[in-house]
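Here the numbering used here is used: the first residue of the sequence shown is 1, the next is one more, and so on. Here is the structure we will look at.
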Amino acid sequence: MQPNSNNSDKKPADRLLKMPGKRDRGPVDFKTRIAGYEGEIMAIATRDVVMAQRTTTIIQAVEIMTRAGFRRLPVVDAGTHRLRGIVTVSDIIDFMGGGDKFNLVQVKHAGNFLAAINEELREIMTPHLVTMPVTGSIADAVDIIVNKNVGGIPITDAEGELKGIVTERDVMKVLTTEHSRRRAEDVMKSSVRVTSPDTPIGKVCEEMVKCRFRRLPVVVDEVLCGIVTATDVMSYLGKGKAFEQLTTGDSAEVMGAPVRSLLSGELYTTTPDRNIHDVALEMIQRRVGALPVIEDSHLVGLVTEYDLVKAFAEE
Numbered sequence: 001m002q003p004n005s006n007n008s009d010k011k012p013a014d015r016l017l018k019m020p021g022k023r024d025r026g027p028v029d030f031k032t033r034i035a036g037y038e039g040e041i042m043a044i045a046t047r048d049v050v051m052a053q054r055t056t057t058i059i060q061a062v063e064i065m066t067r068a069g070f071r072r073l074p075v076v077d078a079g080t081h082r083l084r085g086i087v088t089v090s091d092i093i094d095f096m097g098g099g100d101k102f103n104l105v106q107v108k109h110a111g112n113f114l115a116a117i118n119e120e121l122r123e124i125m126t127p128h129l130v131t132m133p134v135t136g137s138i139a140d141a142v143d144i145i146v147n148k149n150v151g152g153i154p155i156t157d158a159e160g161e162l163k164g165i166v167t168e169r170d171v172m173k174v175l176t177t178e179h180s181r182r183r184a185e186d187v188m189k190s191s192v193r194v195t196s197p198d199t200p201i202g203k204v205c206e207e208m209v210k211c212r213f214r215r216l217p218v219v220v221d222e223v224l225c226g227i228v229t230a231t232d233v234m235s236y237l238g239k240g241k242a243f244e245q246l247t248t249g250d251s252a253e254v255m256g257a258p259v260r261s262l263l264s265g266e267l268y269t270t271t272p273d274r275n276i277h278d279v280a281l282e283m284i285q286r287r288v289g290a291l292p293v294i295e296d297s298h299l300v301g302l303v304t305e306y307d308l309v310k311a312f313a314e315e
């Protein structure tokens, strides 16, 4: 990433790292590509799914997701377990200041964050979602993940009862058994939006919702110093850190803290020439959804689970 004098007056959060983009191969019919993996989706899905009800409060859901390390929580009827919706980490970020769901705080509760987080989950959950039947194949899951950009797919029976959930990571684990000739630079996103350590958490939420991504590299003087994820922001709320210095309970107090307060000491990265098979194995081992790509100490791209699922399925 080279400094650009024409961009010197722009905020770090508004900068884009530019490299020649890789060719977009477009939608792919994965059923013909991975016939060898055809089989019951339940073989790789999580069957013992942690669930919530529509009457679960937002803060209860956030605490459950934070404690378990989940990015999503299916919402079901208490008695029948029929699927009614899902709340994702993106919904939580939207609610915390990123988008329209923040109106629950600003409008309904006049900015009182403490009151808003005790609203029921039905207020912010996504009611219309993509699902799979229990008879689905892994190829079906790949098709949904890649062509519909869905990171977690609830699996239901004929009556609509939740039977499991399959994620990008589950699928990536299966596809990663195949070696590849492709490298990180072949599949990474090379135009990466970045932010600075002093950016308020609320601004980071806005960026994530507006651009529809779950992570932002944090840079200082063109050098990567961390990465903040939507899960980090949610955990700020779920672990109670957001309330430690509250005096009035106003949302501005919660979301005004700098994003540097969310950064952990661990930062895992990769290099452009690394084989994507090895990148995938490290992401699985580290339990991370993405790895920044570093060259000469500079950030040049980002490889995500989505990028790897698509790349392996195209092989």
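Beta carbons are placed, not taken as given, at the ideal position from N, Cα and C, and that holds for glycine.
Measure the alpha-carbon distance for residue i versus residue j and round it to whole angstroms.
i: V303; j: R193; result: 13 Å
i: N112; j: V279; result: 43 Å
i: D24; j: H277; result: Reliability of the predicted coordinates at D24 is poor, the pLDDT of 46 falling under 50, and no value is obtained from them.
i: N118; j: V105; result: 11 Å
i: I144; j: S261; result: 35 Å
i: R47; j: Q53; result: 18 Å
i: F243; j: V150; result: 32 Å
i: S264; j: T56; result: 30 Å
i: D273; j: V259; result: 30 Å
i: D250; j: L114; result: 8 Å
i: I155; j: L162; result: 6 Å
i: V174; j: A110; result: 48 Å
i: L281; j: T66; result: 24 Å
i: V337; j: E253; result: Past the edges of the chain, shown from 1 to 315, lies residue 337, and the structure says nothing about it.
i: E120; j: A45; result: 28 Å
i: G79; j: A116; result: 27 Å
By DSSP, does residue i sit in helix, in strand, or in coil?
i: A61; result: helix
i: A257; result: coil
i: T304; result: strand
i: K239; result: coil
i: R82; result: strand
i: V204; result: helix
i: E185; result: helix
i: H179; result: coil
i: L262; result: helix
i: I155; result: strand
i: E222; result: coil
i: V209; result: helix
i: M283; result: helix
i: N149; result: coil
i: N112; result: strand
i: V130; result: coil
i: R71; result: coil
i: L267; result: coil
i: A313; result: helix
Does the distance from the C-beta atom of residue i to that of residue j stay below 9 Å?
i: D170; j: A141; result: yes
i: R84; j: M132; result: no
i: H128; j: N275; result: no
i: I324; j: F95; result: Shown here, the chain extends from 1 to 315; a query on residue 324 therefore has no answer.
i: T167; j: R286; result: no
i: L237; j: I92; result: yes
i: G160; j: R82; result: yes
i: M188; j: F312; result: no
i: E305; j: G289; result: yes
i: V219; j: C211; result: no
i: G301; j: E123; result: no
i: L216; j: E207; result: yes
With a cut-off of 8 Å on the beta carbons, I'd call residue i and residue j a contact; round off their distance for me.
i: L291; j: Y268; result: 6 Å
i: V353; j: G69; result: This structure gives no information on residue 353, because the portion of the chain shown stretches from 1 to 315.
i: V134; j: D157; result: 5 Å
i: G152; j: V49; result: Not quite, the Cβ-Cβ distance comes to about 10 Å (not below 8 Å), so this is no contact.
i: T271; j: E295; result: 7 Å
i: V87; j: M51; result: That pair is no contact at about 11 Å.
i: P200; j: M255; result: 6 Å
Would you mind sorting residue i into buried or exposed? The rule is 16 or more other CB atoms within 10 Å of its CB.
i: P74; result: buried
i: K108; result: exposed
i: S235; result: buried
i: T229; result: buried
i: C205; result: buried
i: K148; result: exposed
i: R183; result: buried
i: D232; result: buried
i: D307; result: buried
i: A43; result: exposed
i: V62; result: buried
i: V146; result: buried
i: R214; result: buried
i: V176; result: Checking the sequence shown, residue 176 turns out to be Thr, not Val. With 16 or more other Cβ atoms within 10 Å, it is buried.
i: T195; result: buried
Considering only heavy atoms of the ligand NAP, does any lie closer than 8 Å to the CB of residue i?
i: D221; result: Looking for the ligand NAP in the displayed structure turns up nothing, as the structure carries no ligands at all.
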